[in-house]
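Numbering (the UniProt record's numbering), first residue to last: 1 to 464.
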């Protein structure tokens, strides 16, 4: 992703990640970058093959072709995972028939794993769910005439057979698509009943694409599939910290701080990593957002704030301050709480002026800092910015300061020759998002005049 800062900051505070792959384009360079970063932080992946609505509606691929595309995506992701194999993490390759790959249409709000279909058919045919799951992927075909499962694509009498995944998973979805698009309401009624899709009265008034979207959401709600996959296959903080602590803690791995991180002990000494600064509604102030790795953080608690340049035993880049408030962030909402134990993420109020972008918090002098985050890219694309209304220049300067604080990868410079303000980012998409944040959040909607994005040239020696 060319939003590497957001990815890096998120990876530090989580133990599992959902890798999203476009079902049409497959695994791309960004997928590899993100996977590599995730595995370096010992984050366990699960995967979703996304944008299935495009495969059915726009491209209208035949089902065998769709299946082959999916297989290719899974194989390519697993090839990357095996390159960065880490003994401590074990085998984290992903497989649809083990429930670690889901299929989704994020924009339309529907998704499924093979678990969902295995359950449906296991109940219908009275067979074992696990066995059914294995049959729904790979070289598996149902011979209707002989009433048995076979491993090759032709029946006993030589007739070609349809792959189980296509027959039992893609065909029913295709039928739902066709019935919705062609207004076949009688057919839909039967399908809703058979699939126990809980359609409401107002849903039935929708037509065409809107009806399709709602029908799929009611039948295969995305949140159910994705959440189930994450709950079943991603580790708890207690489990994950047992193998992540060696990469996180910079001090001796047998001291009490390392032990408390390893066991995720809420009664141990405090150790927390702040991975990013999040702007608050209070002008110019930030939440310090991060994860508690050991101990419990409390409102009013006195903490040692170690910045990225702090060295153990020295005074540089160290501040000792009290936390004013501890806050839980839930989507766009925040809720003040008394204390937050380890394994959780938390936002802190009142220490933003002592941290530039990230750092470690502890409550004892003997604690070493946690490893600094490594960014996989550097800011290479530059763009000049100026306010449309020159009177708003102070607003721009204030906005740029806040932007630089909330995104560790952004660099702000003033061009010596033209005196223009320059924003540098990791790529055009990264810059576009930064400038959108700058206008909307940090300058309260004041308009900007932006220059053309420019990539700085560098020279190097290739051979003697």
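Even for Gly, the Cβ is constructed at its ideal location relative to N, Cα and C.
Run through the DSSP bridge pairs and tell me what residue 421 is partnered with.
On the chain shown, residue 421 is found 421 positions in, with the first residue counted as 1. Answer is 385 and 414, bridged to residue 421.
Measuring alpha carbon to alpha carbon, tell me which of 15, 384 and 295 ends up nearest residue 417.
On the chain shown, position 417 is the one that residue 417 refers to. Out of 15, 384 and 295, 384 has the C-alpha closest to the C-alpha of residue 417.
So, at 7 Å on beta carbons, what are the nonlocal neighbours of residue 148 in its own chain, with the 5 sequence-adjacent residues on each side left out?
Residue 148 sits at position 148 when you count from the first residue of the chain shown. Counting only Cβ-Cβ distances below 7 Å, and skipping sequence neighbours, we find nothing.
Could you tell me whether the Cβ atoms of residue 325 and residue 349 are closer together than 8 Å?
The sequence position of residue 325 within the chain shown is 325, counting from 1. The sequence position of residue 349 within the chain shown is 349, counting from 1. Yes, the pair counts as a contact, with Cβ atoms nearer than the cut-off.
Closer than 6 Å by C-beta to residue 368: which residues in its own chain qualify, once you throw out the five before and the five after it? Chain order, please.
Translated into the one-based positions of the chain shown, residue 368 becomes position 368. Cβ within range, chain order: 250, 251 and 312.
Name the residue from 140, 305, 62 and 179 whose alpha carbon lies nearest to the alpha carbon of residue 161.
Locating residue 161 in the chain shown gives position 161, counting from the first residue. Checking every option, the nearest Cα to that of residue 161 belongs to 140.
On the CB-based measure, 16 or more other CB atoms within 10 Å of its CB, does residue 357 come out buried or exposed?
Position 357 of the chain shown holds residue 357. Residue 357 is buried by the Cβ-count criterion.
In this structure, does DSSP put residue 72 in helix, strand or coil?
Looking up residue 72 in the chain shown gives position 72. The answer is helix: DSSP assigns residue 72 an H, G or I state.
What are the uninterrupted segments assigned as alpha helix (DSSP H) that are 4 or more residues long and contained completely in the region 85–140, given in chain order?
For the region 85–140, whole alpha helix (DSSP H) runs of length 4 or above, ordered along the chain, are 114–125 and 129–135.
Going by DSSP, what residue range makes up the beta strand (DSSP E) through residue 286?
If you number the chain shown from 1, residue 286 lands on position 286. From DSSP, the beta strand (DSSP E) with residue 286 extends over 286–294.
Contact check, residue 233 vs residue 100 under 8 Å by CB: the rounded distance?
Residue 233 sits at position 233 when you count from the first residue of the chain shown. Residue 100 sits at position 100 when you count from the first residue of the chain shown. About 5 Å; that satisfies the 8 Å criterion.
Give me, in chain order, the residues of the same chain whose beta-carbon lies closer than 7 Å to that of residue 64; leave out the 5 immediate sequence neighbours on both sides.
Here the question's residue 64 lines up with position 64 in the chain shown. Sequence-distant partners of residue 64 (beyond 5 residues in either direction) whose C-beta falls short of 7 Å from its own C-beta, in its chain, are 163 and 166.
What is the C-beta distance between residue 421 and residue 396, in whole angstroms, given that I count them as a contact (C-beta under 8 Å)?
If you number the chain shown from 1, residue 421 lands on position 421. If you number the chain shown from 1, residue 396 lands on position 396. At roughly 7 Å, the Cβ-Cβ gap stays under 8 Å, so residue 421 and residue 396 are in contact.
Near residue 2, which residues of its chain fall below 6 Å by C-beta distance, leaving aside the five closest residues on each side in sequence?
As a working note, residue 2 is residue 2 in the chain shown. Low confidence applies here, because residue 2 scores a pLDDT of 46, under 50, leaving its location unreliable; read the following figure in that light. Excluding positions up to five away in sequence, the list reads 426, 427, 429 and 430.
Buried or exposed, going by whether 16 or more other CB atoms sit within 10 Å of the CB of residue 310?
Residue 310 sits at position 310 when you count from the first residue of the chain shown. So residue 310 ends up on the buried side.
Under a Cβ-count criterion, where at least 16 other Cβ atoms within 10 Å of its own Cβ denotes burial, should residue 353 be classed as buried or exposed?
Within the chain shown, numbered from 1, the residue matching residue 353 stands at position 353. Result: exposed.
Among 112, 168, 290 and 215, whose alpha-carbon lies nearest the alpha-carbon of residue 125?
In the chain shown, residue 125 corresponds to position 125, counting from 1. Nearest C-alpha to residue 125: 168.
Quick one: grab the DSSP three-state call for residue 190.
Position 190 of the chain shown, counting from 1, holds the residue named residue 190. Looking at residue 190 - three-state DSSP - the assignment turns out to be helix.
On a Cα-Cα basis, can you pick out the residue from 60, 66 and 76 that is closest to residue 47?
Locating residue 47 in the chain shown gives position 47, where the first residue counts as 1. Residue 76 is the option with its Cα nearest to residue 47.
Segment limits, beta strand (DSSP E) that includes residue 319:
The count along the chain shown starts at 1 and reaches residue 319 at position 319. Residues 318–322.
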